[in-house]
Structures are given as C-alpha cells and as structure tokens.
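First the structure, in the form of structure tokens, and then the observations on it.
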Amino acid sequence: MRFYVDNNKPPSCSLKNIVQEQVDSARVKYWVNDPEKDIVIFDVKYSLDKISWSDATVSINPDSIDTLVYDSAFYWLAYNDIPGVDDDSVWLFVTPFDSVYLHKDAGTGDTIGPFHMDANRAPGVTVSKSIPNNSAGNIKIPFTLVDSEYDTLGIIVKYKYRLQGSTTWSGWLDPTLQYIVEKIDSQNYDTNVIWMSATDHKDTSGYAVFKIIPYDSIRDKDTGAFDTSNVFLFNNKLLPSVTVGLRIDYSTPSDTEVTGDVRIFFRISDLDTDHVRDTITLSCYYFNGATWVYTSAVTGDTLFVDSTGAGQDSVFVEEDTIIWHSQNDTDGIDITNANFRIIPTEKGGSENGAGASDTTGKFHLDNNDPPRLSYLVGPAGEVSDDIVFKFSAKDTESDPISYLYRYSQDGVSWDTTTNVDTNMLANDTVRAVWHSRVDANHIDKVGFLFEVIPQDNDPGESDTASFHLDNNYPPQIIAIDTPHTEQHDTVVINYTLSDSESDTLGIICRYYFKGNWDTATTSGDTFPIGSGGYAGNVRWFSLSDIADTDAYVKFKIVVHDSDIGDSLIADSFKLDNYQAQWVEILNLTSEQRDSVEIPFLLHDSISGDSLIIYCEYSLDSNAWYHATITGDTDGFAPGHYQDTIIWLSKLDADSVEQFVWFRIKAHDGWDYGPWGYKKFKLDNNEPPSCNITSYPVEDTGDILIKFNLQDRENDTLIITSQYSHDGINWYSCSTTVLPQSKNPDSLIWHTLQQLADTECTVYFTVIPEDSDAGTPDTVQIRVDNFHEQYVDIWETGLPTPEGTDSIKIKFEVRDPIGHDDLILLAFYSKDSTSWDTATIYASDTFKYPYSTPYDSLIWASKEDLPNYVGNVWLKIYMHDGWRYSTKVMHDTNIVKFKIDNNDPPNVVITEPGWAQEDTGDVLIRFYVADPETDSVSITYWYSLDSTDWDTADCIT
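Just so you know, the sequence shown maps onto residues 256 to 1211 in my numbering.
Spelled out as structure tokens, the structure:
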C-alpha cells in the first residue's frame, strides 16, 4: 500500500506595522518561524479595500527564504503594481509556504495596514524661456506640463518683479490672470496663462519672472518641481486704465442682487504722449462662480477714440455705462458670487497693449425664473385630520421644484407647516396630504386657508384653497397598550385619552372570552378623569372574572364624556390563570452517590407554559432544605418537559449513607404547582485509600508490608489483602494486621500458607474498607518459598581406588524452580554419622544458568583428615540466599570413597658406600625418616643386577 504522509509543520511569519507614509515603495520588516528550518516561499499580496487582493511585486526572490533571512525585510515595489495611486487605506498580506515533497504547505501569515502608500509620480513643468522683452498689457506665459501617469493637473502661478531703476526684487506674488487655469488634461499639457500685467502694475515698467508649480489631483495634490520663465521686461506706461462698478460711484455693495440686464458703470483714463490718434477697445468678462468667461452680450460704447491733437500731452478720460444682457449668458442661473471685469486695450502709435483692468466686485446675479402653480384643488365640504390637496406647477427652466405649505384662519397671520406627505400622480400632478391635527388641532373654521408656494431657488407664484376645517371631535382613546407578555390575575392596561375640549371623561372596560364581551372587574382611573389624567391605567382583576383557565383574551376601553366616544381594543394577549402544573420524578432504582442524576417529567397539559423548577431534599421527610443542583432549571418549553438534573449531594449531605427524600415543584412564571416526591438510598460515604510505603522486593515466609491509610471521615476501617499471579485473578491471603487497633499501618503476610514450596513474582494488594471498598494499592513482590536446591555428584568422577590430598569432585547444580544464585557448603564424615565442614577450593556462588556439563570443586582432604587412610563420606548442600535445603532430595547428594592421606617413611643407607667391596657379614648402616613419626617396620631386599630383587632374610 502506498500513501502520503504529511508530518510537515508549516511555517509562520509576522510583519512590523508601517506607520509613516511610503513613497513609490515600502520597506516591509518580517520575521519567519519554522521549527524545521525549511526553505520558505512568500506569497505577497496587496489590497486597497481589504476585500480584493492582488499579487505584489517585491524586491526579493520570494521562493527562496532560507534561515539566513528568516529575520529580514523586503521592499514592496508599489509603483510597479499601483502606479499613480495615492491611498491611505492600503493593506499588505504575506502567507509563508514551505516546499516539502509533493506540495506547498501554507503556514500562518500576517497582515499589516491600513497604511499610506503614495505611488503617484509628481508632475513636471517647463516654462518658456522666450517671453519677449518690452511686453505690455496681457502677456502670454507659455508652459508645457509632463506627467508619467497623464493625470489631470492643476498649477500654482507666482511671479516676482523689480521696477526699472531698482535692484530690489519683490517676494513671490499671485498674478492677475485673464483666465483661471485648472483641471488641465493630458491633451492640453502644452498651454499658457495670460498675465494681465497692467492690472497688477498700472502705468509702470519693470522686470518680471514667472514660476509655475504643477500638481496633480491625486489625494494629497502631489506637487512637482517648479520651473521659472526667463526674466523679461514689461512696460505698461501710458496704457489706459478702467474703473468699474455697479453704482455710479463705481462701487458694488456686497448685498447687491441683480437680474436680467445689468448696468455697468465705468471710467476710462489714458495719458497720451505720442500725439497719435489712438483707439481704446473694452473687452468684457463675467465670473460664473468658477471661471472667467468672455461675453459679447453687451450694448453701449466699447470702442473709444483718443483724438488728442499733435503737439500737446493730455489725459483722455471717458465715463460711460454698458448694459450686460446677463440672461443671454446665464439664463435660469442663480450665481451668488458673480463678478464682472472690463479690460481696456489701446492700439495706435507707440502705446499698444491691454491696460489696467478692473472688476465690479462680487454681487448676486439671479436670472432664475421662479416656478408657477398651474392649479390647486382643495377639499369640498367639511374636513378634518388628514386633508388631501392636488396641484401642479410649471418651471420654464425645468428646474427642480419644491413646495412650501402655509395655512391661516384669517388670511393675515400665516404659519408654515412641514406636516405634509406628498406623492406624484400622472401628468405632473402632486397629491399632498396635510396632517392638519398636528398644526390646527381643536380648530373648527369655515373659510380656513391653505396655500401652496412652488419654489426652486426662489419662491414662485402660489395658489390658495379655502375650506371648512373641523378638527373638533368627541373624546377619543388614542392608545391602549397590549400587554406584551403573558399575564396572570391583576392585569395593568395603560391607555391614553384625548379630548379637544379637555372635558372630564370616563371609560368603560370590557373583556372578550369565549366569544362574548363582558364587563371587567377593575380598579383605577375609570371616572372621573380630568384633562391632567388622560394618560392613565386600570387594573383588571382577571382571576375574579376568569379563574382556572389559560387562554387568549382581548380587552376593550370605551371613552365617553356626555356622549360615547370611540373605543380601542387591545390586541389579544395570553392570560394564564391556571397553575396546576406538576412534576413526576422518574425511577431512581439503585443506590445513588455524589452527583445524583434525577430524571423528571413535567406536566402542564392546560397551559403548556415554559416552566422553572425548584428542588429540595430531606433526610427525614420532615425538615426540607434547598438542593444544590446543576443543569437547566428554567426554560422547559412544551416538547422539552422531560429532562434530568444533577443533585450535587456531597455539597448538601456529605458522608450521609441512608435513605433520603427529594422533591421538585414547577413554576409557570406566575406561581408554583404541587411537589413531586422520590425516596432513594444515598451513599455519600467517601471510601478510604491506601498507599503501600514499604515492602521487600523479594522475601520468604512471613513478609512485612507497611502502608499508609487515608480516610477523610476517620471511619473504622477493615483491611483485606489479596495476591495475584497475573493481575486478573485474585486470591485471599493469610495476614496479620498490625497494630490491631483503629489505625493499622502494617501487616505480615504468611506466604507459606498460600505459596509453600514455590518461588514466583506476585501482585499484592491492600484494600481498605469502611462501609465501602476503598482505593487499594498494589505492589509486586518476589516470594521465594522453594529451598530444595541440591547437587548431583558424579560418582564416575570420584577417585579410584582411592584419593589423596586434593580430591576433585564433579557435580551438577540443581534448582528446578527457583533458579536462584546459590552458595555451596560441603561436609565430610568418616562414619556417615558425624559430619564436619569440608575445606574446599572452588567458587562458592553459582549463578543461574549453571555450568554444563558439570561444576567441580577441590576438597583439601589432607587439611581435614591428615594421615587418614580409609573410607570417607562427602555431601554437598546449596544455600539460596534464604536457607539451605532442609532435606536430601537425591541419593547422589552424598558419596562414599576411600582416601589415603598417609605420608610413607624414607630410609637413607649411609654405610657401606656406593660401589664399596665387602665380604661375609656386611654391616649396613641407615637411618629412617617419617614426617608423621609413625611406628615403622622395615623389610630388606638385595639384588645382583639392580633389576631383580630378593628378600634378604639373614639380617641381624
């Protein structure tokens, strides 16, 4: 089977917030965390609204972020992605991936923003350096704009000058331009401005330089680098000038309002020194609220001749008026900041150019034609409350029309109302509904007047309807509150009454149940009700009228003074006067403890209310106490009447072990119903626990085990013990608990009664009990009750026919059950009855597995039985760390063999000497040596060839 395992842990990254405005690109500081130190891939996106995201161009290779740059930064090359954008709500989102095996695992990314990203490139400008010298009047300043994004641009125009004969330049000033230059699109980047130099520098000459600063219309109006023109000479000497106004004194008050044909007063002044017949032409411009516009819609003299004769200097002065036919230019337009300019231009002789212009100053030009009401249809007969009017209006300029509504009782005093709702009908007819009670309550007037005034910016021609308005009525009940929630017994009904005459009123109260209206049993404000108590309430004692029921009812109030007025009926509402809901506690058959689950079933067949339960318990069925419970106690709606709560009985009846009583009652939001009871056995005894504190890892016979008991209730405890070979099947064991008192802390396990003649590892558990079994503790103990280890002495390895001194004994070690480490002990005997410890040379400890085919030892028999010659018995025992075997389990544990530990005597012949010749009786001298100083017997031998020997009997 082949499958894909992905144990890769994806990376995460975090970004540092960008606070300052960024230009063209943004430095993004990041930190990467990847526990596996993988190569990380960045997916970088940007958004201008945090909804739509696009790939971002960055300065690094986003597919190769290794551990060396886990803490680094990159640049978002924003100008590559959003050229021309200048936005302070830019977001950047980086998602890290690692590339492991088959696919990229996306990690946890981070988002920064919003921050201000200015990827807009500022525009540039080149101002002409070829403006001619000795220019006069209106001087053209050419320039060319550039913008890499082809934005619509604006410019700021400044100039400075110095007068002829002066070396001091002014600061940068605002020039008077013939036209306001703004919103220059890319088709008009090559353009110019006209400086009305004579207006700024009347009858003077000097040097000027212009500075133009371009900016685009993107957010912050990014300003580009300015450029300046050449320094050029302007000469406005002897050019004419003009003074202009709407009044004969050439003034224009700020509150001046004109319309249609506008009279413009002006005065021309020109100093003539060349004595040439000159002409002065007037050019007219008006300001439409945004820019200056040339107009030819004027009548009157606009051409003047300076006919001063030759040979003398003179000042030409002319005062006159022109009429501007403003409606030709601004028909239907209302301009609150209009203005009018006249520019005098002189031609002829050496004095040529546009002179000093002037403006009237701001005034209100109103060429709007107000709308006219075509017709108005009012009500016929007597009307009241909401009154309908129909009308239509026309506007020759098709301006939007709004309406002003006024009413009057006498045609002299008028009041304006906005309490009119309108909607359009066919054929431009307006249907208006006047809520007359809001404005003219209590009024009863024949010949009541209602006027409709159409208006755009100005009020138009109105029309008036006359009719009988009768807003006087019998008393009214204008409001009755419907209870928003289910009610029970005393129901409070709020009402509001109204009477135009402020009479003393009374009310009649009725309730609707099972198809009938009946008089309600009430108390409260029913009669008399003065004008100060028109807003009041009554209390309906519904339990007196409709007991033991749950139903929807209605309530009605009829208002009256001397006549019956109108009535209002409250919406139907739920009335619950049934409180016989009951609780059935379901079976609790077994003994309970601690958190007791108590199932119950609620019954409310009539009302089907959402119920709340309350619980109590008792230890004797007489004294009852509040029960501490968990689980829902409210909100039991129909269909969810069966549920379970948990009684935290340990908090209320800790350590109790007896029969208890539990009861529940249900509340329907108004009152409790009867109790439901249940009796059951409660066992809140907290069983003891045991902790074994000391025990042997291995032992035999009676084993001592120490323990520590815990019992919060300090009950008298019973200690039982068990053992198990497998932790599953357990057996009783014989123990003696110590001390034999209320607080034992140890026991002795008599293992020989259950585990005699065996060796095994068992689980041993100590179980404390009071009335319940407590928490036991269990340990593992090696029980070694097998001590019949033995040896099998090899008889074939015994010395034959006899042994002497160091005798090697071969044997096999046998421990068929315990496999213990054994210690050897050997004994010898000369009569098989009395035994002594044998001196042996061998390892006295034998570890399992034992040697094969045999072990051996050396018995130093001469040390134990020196000079002894005869039969001996040898036996060997093994000790398993506890004791020696108590019986011989094999007949080869004892062996019998003969030993000879006698040292023979020696004889040394001293005379005759070796190879000495003698005859007859030969004296033989010798001495005998015996290390054991035994009695020695001597035999004599002779030989003729040192090979064959015969007994020498003739010895004296």
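Each residue gets a CB set at the ideal place from its N, CA and C atoms; glycine is no exception.
- Could you spell out where the beta strand (DSSP E) holding E1014 opens and where it closes? E1014 -> beta strand (DSSP E) spans 1014 to 1024.
Please report the straight-line C-alpha distance between K645 and L303, rounded to a whole angstrom.
Computed Cα separation, rounded: 51 Å.
Exercise for review: Rank A878, I732, M1133 by C-alpha distance to the C-alpha of K811 and give the top, closest one.
Suggested key: Closest in C-alpha terms to K811, from the list A878, I732, M1133, comes I732.
Residues near R1138 by beta carbon distance below 6 Å, same chain, minus five either side: Taken in chain order, the residues that qualify are H1042.
Could you check how far apart the C-beta atoms of D849 and K905 are, in whole angstroms? I think they sit under 8 Å. Contact check for D849 and K905: beta-carbon distance about 5 Å, within the 8 Å limit, so the pair qualifies.
Need the endpoints of the alpha helix (DSSP H) that E1118 sits in, please. Boundaries of the alpha helix (DSSP H) harbouring E1118: 1116 to 1119, taken from the DSSP string.
Original post:
So does the stretch 722 to 732 actually touch the stretch 813 to 823, counting three or more Cβ pairs closer than 8 Å?
Top reply: In short, these stretches touch, since the Cβ pair count reaches three.
**Study point:** Y584 to D455 span [Cα, whole Å]
**Key:** In the sequence on display, residue 584 carries Asp and not Tyr. Cα atoms of D584 and D455: separation of roughly 28 Å, rounded to the nearest angstrom.
Can you look up D665 in the DSSP assignment and give me helix, strand or coil?
DSSP places D665 in coil when its eight states are reduced to three.
> Does the beta-carbon of R282 have 16 or more other beta-carbons within 10 angstroms, so that it is buried, or is it exposed?
Replying inline: Flag for R282 reads exposed.
Q.
Would C945 and T1006 be called neighbours here (beta carbons separated by less than 8 Å)?
A. No, Cβ-Cβ distance for C945 and T1006 is not below 8 Å.
- Task: Sort out for me which residues DSSP pairs I853 with in a bridge.
- Result: Partner(s): I900.
Identify whether Q1009 lies in helix, strand or coil by the three-state DSSP scheme. In the structure shown, Q1009 sits in coil (DSSP, three-state: anything other than H, G, I, E or B).
Measuring alpha carbon to alpha carbon, tell me which residue in D482, K300, F348, Y470 is nearest Y414.
Closest in alpha carbon position to Y414, among D482, K300, F348, Y470, is D482.
By DSSP, does V324 sit in helix, in strand, or in coil? Reduced to three states, the DSSP call for V324 is helix.
Assuming D406 and P378 make a contact with CB atoms under 8 Å, what is their CB distance in whole Å? D406 to P378, Cβ: 7 Å. Contact.
* Asked: What three-state label does DSSP hand V693 in the structure shown?
  -> Helix.
Task: Beta carbon of L418 nearer than 8 Å to that of L408 - done: No; because the gap between Cβ atoms is not below 8 Å, this pair is not in contact.
At the level of alpha carbons, what is the spacing between P1159 and K1102? When rounded, the distance between both Cα atoms is 42 Å.
key: Simplified DSSP state of Y470, which is helix, strand or coil   = In this structure, Y470 counts as strand in the three-state DSSP scheme.
Margin query: Going by beta-carbon coordinates alone, are D780 and G788 separated by less than 8 Å?
Written below: Using a Cβ distance threshold of 8 Å, D780 and G788 count as a contacting pair.
With DSSP run on the structure shown, which of helix, strand or coil describes Y334? In this structure, DSSP gives Y334 a helical state, which the three-state scheme calls helix.
Exercise. Whose C-alpha, out of F559, H580, I1210, S996, is nearest the C-alpha of S551?
Worked result: A check of alpha carbon separations from S551 across F559, H580, I1210, S996 identifies H580 as the nearest.
(Q) Tell me which residue opens and which closes the beta strand (DSSP E) that Q965 is part of. (A) 957 to 965 is the span of the beta strand (DSSP E), which, as asked, contains Q965.
task: Could you check the C-alpha separation between M1144 and I958 for me, to the nearest Å?
output: Here the model assigns M1144 a pLDDT of 48, short of 50, so the residue's position is not dependable, and the following value carries that caveat. Near 27 Å, if we compare the C-alpha coordinates of I958 and M1144.
**Asked** DSSP state of L494, grouped into three classes?
**Response** L494: coil per DSSP, three-state reduction.
Q. V382 to T600, Cα distance in whole Å?
A. T600 has its alpha-carbon roughly 26 Å from the corresponding atom of V382.
Notebook entry, point to check: Based on the DSSP output, what are the partners of C1209 in its beta bridges?
Noted result: Answer by DSSP bridge pairing: none, since C1209 is not bridged.
Take every Cβ of the stretch 629 to 640, pair it with every Cβ of the stretch 502 to 516, and state whether three or more of those distances are shorter than 8 Å. With a cut-off of 8 Å, the stretch 502 to 516 and the stretch 629 to 640 do not count as touching, because too few Cβ pairs lie within range.
Q: Thinking P508 and I535 are a contact (beta carbons under 8 Å), I'd like their distance in whole angstroms, please.
A: With a Cβ gap of about 28 Å, P508 and I535 do not count as contacting.
V693 versus L680, P351, D676, residue with shortest Cα-Cα distance: Checking every option, the nearest Cα to that of V693 belongs to D676.
Check your understanding: Would A565 be called buried (16 or more neighbouring beta carbons within 10 Å of its own) or exposed?
Key -> Note on A565: pLDDT 49, under 50, position unreliable in the model; the coordinate value appears next. With fewer than 16 Cβ atoms within 10 Å of its Cβ, A565 is classed as exposed.
Straight-line gap, A648 to P430 (C-alpha atoms, nearest Å): If you draw a straight line from the Cα of A648 to the Cα of P430, it is about 48 Å long.
* **Cβ neighbour criterion (16 or more within 10 Å) applied to W1196** => Result: exposed.
query: Which runs of the beta strand (DSSP E) spanning at least 3 residues fall entirely within the stretch 861 to 922, listed in chain order?
result: For the stretch 861 to 922, whole beta strand (DSSP E) runs of length 3 or above, ordered along the chain, are 867 to 873, 879 to 881, 897 to 903, 912 to 922.
Q.
As a quick exercise: from Q1171, I708, T615, pick the residue whose alpha carbon is nearest that of Y658.
A. Among Q1171, I708, T615, the Cα nearest to that of Y658 is on I708.
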